[in-house]
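Student: Quick note: the sequence shown uses the working numbering, first residue 22, plus one each step.
Glycine included, C-beta positions come from ideal geometry on N, C-alpha and C.
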Amino acid sequence: MFPVTITGPRLTLREFRTNDLDASMAVVGDPEVTRTLSFEPRSRAEQTERLAQDIERAQAEPRPDYYLAVANNADLLIGFIRIGLGRDHSGELGYAIRRRDWGRGYATEAATLMLDFGFNTLRLHRIQAACGPDNHASQRLLARLAFTPEGRIRDHVFTNGAWRDSLLYSILDHEWKSLLSSDDAMPRTAAG
């Protein structure tokens with residue numbers, strides 16, 4: 022399925038474009054942002070190549086993942102979000118927001134939009150997410166979205182010169198539907 026555009030109250034999840042390069046560097050080139058991710062900061066040359074690969078991969082059939090830009094109301098990239106497709110109707114969620122927009126609820130809104138897409142459009146049964154033990158903001162986000170902690174994967178990622186454990190979480194389609202049908206239908210973001 023290409024192209025994908027998912028619109029929320031403050032954000033749009035959309036396909037990457039070549040003119041996203043400068044804005045994407047505020048995410049993938051920032052050591053403070055990538056400290057909690059599975060890769061080290063990228064140079065402009067590395068990101069130029071990676072962006073071209075991401076744009077090309079989005080047009081593959083079958084599509085291996087849905088790796089989308091998180092854009093604000095001005096259509097400026099402020100982060101990314103991804104569901105990698107696995108076996109047996111499963112997916113893996115990943116996300117990052119540029120540092121200057123941390124604490125504004127953008128990751129919660131983007132993840133909510135992507136989970137809804139994963140369960141309702143892609144018809145996934147299970148979506149998992151992993152984060153580092155020191156990434157307390159991501160742990161809170163996953164708890165807010167009703168993910169269940171599943172355990173710790175030891176020495177899961179080698180990044181920034183060291184092995185790092187990951188905490189594994191998951192949510193099932195019926196759990197997501199139950200969350201949406203409850204009184205608090207949409208998880209609250211920092212902005213409301």
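On the DSSP letters alone, give me the boundaries of the alpha helix (DSSP H) that W197 sits inside.
Tutor: Reading the sequence shown from its first residue, position 176 is the one you call residue 197. Where W197 is concerned, the enclosing alpha helix (DSSP H) stretches over 194–202.
Student: With respect to the alpha helix (DSSP H) encompassing L134, which residues constitute its N-terminal and C-terminal limits?
Tutor: Position 113 of the sequence shown, counting from 1, holds the residue named residue 134. Looking at the DSSP string, the run of the alpha helix (DSSP H) that includes L134 is 127–137.
Student: Quick check: the Cα distance between W184 and S59, rounded to an integer number of angstroms?
Tutor: What you label residue 184 is simply residue 163 of the sequence shown in a count that begins at 1. What you label residue 59 is simply residue 38 of the sequence shown in a count that begins at 1. Using only the alpha carbons, I get a separation of about 10 Å.
Student: On the CB-based measure, 16 or more other CB atoms within 10 Å of its CB, does A158 come out buried or exposed?
Tutor: As a first step, residue 158 is located in the sequence shown; it is residue number 137 there, counting from the start. It is exposed - the Cβ of A158 has fewer than 16 other Cβ atoms within 10 Å.
Student: Hey, is D194's beta-carbon within less than 9 Å of any beta-carbon in chain B?
Tutor: Absent from the structure is chain B; it holds one protein chain and no more.
Student: Buried or exposed: T133, going by 16 or more other Cβ atoms within 10 Å of its Cβ?
Tutor: In the sequence shown, residue 133 corresponds to position 112, counting from 1. With 16 or more Cβ atoms within 10 Å of its Cβ, T133 is classed as buried.
Student: By a C-beta neighbour count over all protein chains shown, 10 Å radius and 16 as the cutoff for buried, is E130 buried or exposed?
Tutor: Stepping through the sequence shown from its first residue, residue 130 is reached at position 109. By the neighbour-count rule (16 or more Cβ atoms within 10 Å), E130 is buried.
Student: In whole angstroms, what is the alpha-carbon distance linking E196 and S203?
Tutor: As a working mapping, residue 196 is identified with position 175 in the sequence shown. As a working mapping, residue 203 is identified with position 182 in the sequence shown. Distance between the alpha carbons of E196 and S203: 11 Å.
Student: Would you mind sorting A117 into buried or exposed? The rule is 16 or more other CB atoms within 10 Å of its CB.
Tutor: Within the sequence shown, residue 117 is the residue found at index 96, counting from 1. So A117 counts as buried.
Student: When we look at the beta-carbon of E70 and count the other beta-carbons within 10 Å, is it buried (16 or more) or exposed?
Tutor: Residue mapping note: residue 70 aligns to position 49 of the sequence shown, counting from 1. Answer is exposed; the Cβ neighbour count stays below 16.
Student: DSSP three-state label for A73, please.
Tutor: As a position in the sequence shown, residue 73 is number 52, starting the count at 1. Residue state, collapsed to three classes: helix.
Student: By a C-beta neighbour count over all protein chains shown, 10 Å radius and 16 as the cutoff for buried, is A211 buried or exposed?
Tutor: In the sequence shown, the residue the question calls residue 211 occupies position 190. The predicted model places A211 with a pLDDT of 44, which falls under 50 and marks its position as unreliable, so this point remains unresolved.
Student: Looking only at its own chain, which residues have a Cβ that is under 8 Å from the Cβ of Q68, when we skip the five neighbours before and after it?
Tutor: In the sequence shown, residue 68 corresponds to position 47, counting from 1. Closer than 8 Å at the Cβ level, and outside the excluded window around Q68, lie L42, S45, M46, V49, G50.
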